[in-house]
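Oh and the sequence shown: position 127 is 127 in my numbering, straight run, nothing missing.
Beta carbons: idealized from backbone N, C-alpha and C, even for Gly.
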Amino acid sequence: MWMMPNFASAPLGSDLAILKLDAPSTKRPVALSKQWLHPNTTTVTFGWGQCSLSEPSSYHLLQANLTTIANAACQRRIRIASNDSVYTTWNATTSHLCAGGVTGTGTCYGDSGGPLVAHPYLDTSVSLSQIVLVGIASFGVKCADGVPDVFTRVSTTVTFIDEHVTGHRWVE
């Protein structure tokens, strides 16, 4: 396993690890995006996380359509939504990608590490020819309660991924 530098020491950042499989996978890997997504891009996340804090994790794969938002707005909304000093002092960086913030849809406990994907069928402003991984679920303050979710921005991990993985494909 390889972890991003500062994986554990950087609170709420550098949230990416790569696992080496014992045997080759028979599944085609998702393409990875080098593209910088702008605010108001439609994306989709998937996971088996909880639907609320009072429920267990889902037995079925769930999905949520999320619109990306500017990091400055995301940072402001997360700081306001929490009393925890980890969140009230959090700074959104270029390695973060924020999406969601609409009550009733978003990530929750158990969704961390899951994909955030973009595709031109979802948003015609995205100049991509296929589904691409743009983010990895990192953290959220509340579960689908009107606060944006934060993802690790895949386009900022190019060097790290290229050092440790072969056979993947980047999409510009």
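DSSP places R77 within a helical segment (H, G or I) once states are collapsed to three.
N65 places its beta carbon 8 Å or farther from that of C98.
Closest option to V171, judged by alpha-carbon separation, among K142, V30 and H38: V30.
Only exposed fits G167, as fewer than 16 other CB atoms lie within 10 angstroms of its CB. DSSP places S57 within a strand segment (E or B) once states are collapsed to three. For N71, the secondary structure class from DSSP, reduced to helix, strand or coil, is helix.
Judged by DSSP secondary structure, T152 falls within the beta strand (DSSP E) whose first and last residues are P148 to R153. In this structure, the alpha-carbon of L21 lies about 21 Å from that of A137.
Of all alpha-carbon atoms in S155, T43, I69 and W90, the one lying nearest the alpha-carbon of S33 is that of S155. Spatial neighbours of V102 in its own chain (CB-CB distance under 7 Å, excluding positions within 5 residues in sequence) are listed in chain order as G146.
The beta carbons of S95 and T152 sit closer together than 8 Å.
Under the three-state reduction of DSSP, S52 is assigned to coil, being neither helix nor strand. Nearest C-alpha to N6 among V165, S25, T157 and L53: T157.
The beta carbons of G114 and T45 sit closer together than 8 Å.
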